[in-house]
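These notes are about the structure you will find just below.
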Amino acid sequence: MERTLYAKGAGLALLVSVVSVLVLHLGPTIIAGGSRASGTSDVDRIAAFYSHSAMLPFWWQGGISMIGILAFAVLFRRYLRTFPLSVMTSVLVDVAVIATVAVVPLYALGAGLQAAMVQLVAAGEAGRGGLLAVFASWDWVYNSVAYFFEAAYMAAWAIAAWRVDALPRWVVIVGGITAVGHLFNSQVLLSRLPDELTLIPTVLFIAWFVGAGVFLVRGGRAGIEAGHSGGMAESH
């Protein structure tokens, strides 16, 4: 029962988070009518993207995803600790929690800086002078540094879940691939590669959120075990 409750709580937190994250990213992109601005020093392009005050509510509601991700980290840790953990696995779980908690302030900073850019663009010439500095700060924090933390927690969650069979193998594999993909994403700005290359690891990231969330909200391993027990009882 304890494992089921932790699993369902972690799954619900993860699914709520992924909905909020999708709203946060897709809303402004749709409003701007194209891909996001990243890896550029073109102030006119930046100003064109952030010239829509209607974007503000999308970043504001992003706070829901941040709370959800923190709740997931706590509840998923408790779910994993219902399994017999080796010393190494226990350390990996704690590392995953630390990395997950550490990246949330970067998410908050990213949302705040994007909202600030809308305000700067709305101020006209008075705001354009500082627009590039705020944009560059957001771009390097959110589209480079944050990926290191995401790679760390995806890898640690994946290895820990694999060792105790806490998630389906395909979900664990997607998590491991996503961790490697986010290490690649972290250097896209540094290498001056097209921002579109970050989309594949991002899609896998979302797939992991959805796959793990659905599995957990159904009770995780406890739900599967209960289903098997019910099937055996019926067959008898």
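The opening residue of the sequence shown carries number 775 in this note's numbering; numbering runs sequentially from there. Even for Gly, the Cβ is constructed at its ideal location relative to N, Cα and C.
DSSP state of residue i mapped onto helix, strand, coil
i, result
"residue 831", "helix"
"residue 897", "coil"
"residue 862", "helix"
"residue 888", "helix"
"residue 810", "coil"
"residue 966", "coil"
"residue 840", "helix"
"residue 880", "helix"
"residue 824", "coil"
"residue 791", "helix"
"residue 816", "coil"
Sequence-distant residues of its chain with Cβ nearer than 7 Å to residue i (five each side left out)
i, result
"residue 934", "854, 863, 866, 867 and 870"
"residue 924", "877 and 956"
"residue 839", "791, 794, 795 and 798"
"residue 817", "902, 905 and 906"
Under 8 Å between C-beta atoms of residue i and residue j
i, j, result
"residue 803", "residue 809", "yes"
"residue 787", "residue 857", "no"
"residue 873", "residue 941", "no"
"residue 885", "residue 908", "no"
"residue 911", "residue 887", "yes"
"residue 915", "residue 883", "yes"
"residue 790", "residue 842", "yes"
"residue 927", "residue 960", "no"
"residue 892", "residue 965", "no"
"residue 895", "residue 906", "no"
"residue 969", "residue 815", "no"
"residue 967", "residue 781", "no"
"residue 988", "residue 785", "yes"
Cβ-based neighbour list, residue i, same chain, cut-off 8 Å, excluding 5 preceding and 5 following
i, result
"residue 978", "948, 951, 952 and 955"
"residue 974", "955"
"residue 917", "812, 813, 959, 962, 963, 969 and 972"
"residue 844", "874, 875 and 878"
Distance cut-off 7 Å: residue i Cβ against heavy atoms of the ligand NAP
i, result
"residue 987", "As presented, the structure is devoid of all ligands, the ligand NAP included, so that no description of it is given."
Same chain, Cβ closer than 6 Å to residue i, five either side skipped, listed in chain order
i, result
"residue 913", "812"
"residue 938", "857"
"residue 850", "784"
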